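Numbering (the working numbering), first residue to last: 2 to 357.
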Amino acid sequence: MKYFNVWVDGRAKFDTSEKAEAILRFIAEHAPVKPDLCGVYEPFRTPFSLSNLLPAIGMLVNKEKQRLTPDMPSGDIFLVHKKKPRCTYRIEWSRGPHTPFGKSSCYVEAAYVRDPKHLTGWLAFCFKLLELLDAWYAQFFLDEELEHKDVVIWQTPPRPGFPEGIQREEFVSRPWIHEDGLPGVYWGNYLGPFYVDWFGREKFETLPCVHKQWLDTGGIFFTIAPTPFDWNNPAAKQLEREVRQHLGADAFFDIEPVRARIEELRQSMGGFLPDNFDLRTLVPPCRKPEFPFVDELRPKAKTQEEEIAEARRYFEHFGFTFEGMEGNSMIFRDAKGEVTKVNVGPGGKVEHWPKV
């Protein structure tokens with residue numbers, strides 16, 4: 002089954018019941034295809050409706066995930082409509098220090114948006130969703146467009162039972178816009194106010210495209226073809242090239258140089274590539290802006306005072322008695338009367354001996 006997709010990089014953080022309720026209520030009231038089930042893991046069995054929002058609010062506002070640990074950096078929920086037209090909404094928040102953007106999405110059967118009225122209504126709904134997600138970037142595409150612009154195919158070397166090798170298909174995904182840059186130019190593209198300013202607002206006044214719309218968010222939505230099904234027409238391909246050139250081709254990922262490089266390597270390796278070949282080593286770097294939340298991407302260094310307080314709590318928890326400071330050294334005595342020195346060095350680094 003083919004789908005029409007909207008992928009969003011947003012900075013909304015649904016860390017309170019009120020924030021979660023606002024977006025879930027909007028979807029329940031205004032989604033062109035209303036979901037009737039919700040959940041975090043499949044199978045989705047919890048009923049979802051305007052009169053039954055509490056379970057969904059509890060799933061999206063997940064207290065454990067609010068800690069933003071590397072293993073659990075986000076909170077999310079899936080809302081699904083399983084009857085035709087099939088449709089899924091995924092709402093995610095993730096906002097530093099591990100990943101600054103939540104990657105939300107929604108997709109509906111492609112046949113649904115063949116009707117111009119349905120496409121218009123779907124886009125209007127998505128534009129409001131961009132606002133609620135605090136979207137910085139979004140791409141609108143059919144499955145086959147993503148496959149064409151992000152998938153490469155190669156053969157592995159022969160092996161017992163597979164004399165011709167094994168055909169591999171792999172997405173050369175660029176999942177993090179703050180690390181990898183913008184993923185490309187698709188049928189539909191949304192650039193939030195930050196990107197509009199970065200590229201230069203004047204450039205969008207003369208942007209080559211089929212449709213262009215400034216949204217209430219301050220960002221811009223534009224397309225390279227009349228409908229999502231026209232993405233591969235010669236005119237759309239030409240507009241895609243013109244958009245890249247107009248805004249700066251080095252700011253967007255392009256699969257074609259990667260495919261060309263793979264072909265060169267394939268020819269030099271007898272037609273094959275190793276099983277463990279890392280495609281991302283072939284991806285040229287993209288020009289990226291300086292984001293205004295650099296510090297948020299990494300845990301802030303603790304002050305010397307904070308390190309001292311934390312070390313004291315730690316050692317006292319294990320039964321040590323704090324006796325005072327000698328310069329930058331904390332003096333502890335254990336139950337046997339032996340002394341342990343904890344050195345708080347430059348930058349608040351704690352070193353101690355003997356080890357606990």
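A virtual CB, placed ideally from N, CA and C, is assigned to each residue, including glycine.
Just so you know, these numbers come straight off a predicted model, no measurement behind them.
task = From the DSSP output, in three-state form, read off residue 350 for me.
result = Any reading at residue 350 must be qualified, since the residue scores a pLDDT of 49, below 50, and its modelled position is unreliable; no value is offered.
message = Using 8 Å for Cβ pairs, my map puts residue 153 next to residue 259. What's the rounded Cβ distance?
response = 6 Å
message = So, does the region 5-15 touch the region 90-105, judging by three or more C-beta pairs under 8 Å?
response = yes
Cut-off 8 Å between Cβ atoms - residues of its own chain near residue 182, not counting five sequence neighbours on either side = 175, 252, 253, 254, 286, 287, 288 and 289
ask   = Okay, do the region 263-283 and the region 224-244 touch, 3+ Cβ pairs below 8 Å being the bar?
value = no
task = Classify residue 114 as buried or exposed, calling it buried when 16 or more other Cβ atoms lie within 10 Å of its own Cβ.
result = buried
request  = Please state whether DSSP places residue 110 in a helix, a strand or coil.
outcome  = strand
message = Any contact between the region 37-49 and the region 135-146? By contact I mean 3 or more CB pairs, one from each, below 8 Å.
response = no
request  = Ignore the nearest five residues each way along the sequence and tell me which others in residue 219's own chain have a CB closer than 6 Å to its CB.
outcome  = 194
Member of 201, 177 and 256 whose CA lies at the smallest distance from the CA of residue 171 = 256
inquiry  = In this structure, how does DSSP classify residue 223 when only helix, strand and coil are distinguished?
reply    = strand
ask   = Going by Cα to Cα distance, which pick from 169, 157, 230 and 338 is closest to residue 6?
value = 230
Residue 221 versus 207, 341 and 232, residue with shortest Cα-Cα distance = 207
First through last residue of the alpha helix (DSSP H) which encompasses residue 121 = 117-133
query = Which same chain residues, not among the five before or five after residue 399, have their C-beta less than 8 Å away from its C-beta?
reply = As displayed, the chain neither begins before 2 nor continues past 357, which places residue 399 out of reach and without an answer.
query = What distance in whole Å lies between the Cβ atoms of residue 21 and residue 81, which are believed to be in contact at a cut-off of 8 Å?
reply = Contact flag wrong, Cβ pair sits at about 17 Å.
query = Which residues in the same chain have their Cβ closer than 6 Å to the Cβ of residue 134, if we skip the five residues on either side of it in sequence?
reply = 9, 11, 13 and 105
key: Beta-carbon contacts of residue 205 that lie in its chain and below 7 Å, excluding the five residues immediately before and after   = 197 and 221
message = Classify residue 322: buried if its beta carbon has 16 or more other beta carbons within 10 angstroms, exposed otherwise.
response = exposed
request  = Assign residue 231 to one of three DSSP states: helix, strand, or coil.
outcome  = helix
ask   = In angstroms, rounded to a whole number, what distance separates the CA positions of residue 76 and residue 91?
value = 11 Å
ask   = Exposed or buried, residue 340, counting other C-beta atoms within 10 Å across all chains shown (16 or more means buried)?
value = exposed
inquiry  = Suppose contacts are defined by Cβ-Cβ distances below 8 Å. Is residue 26 in contact with residue 55 by that definition?
reply    = no
inquiry  = Determine whether the beta carbon atoms of residue 211 and residue 284 lie at a separation below 8 Å.
reply    = no
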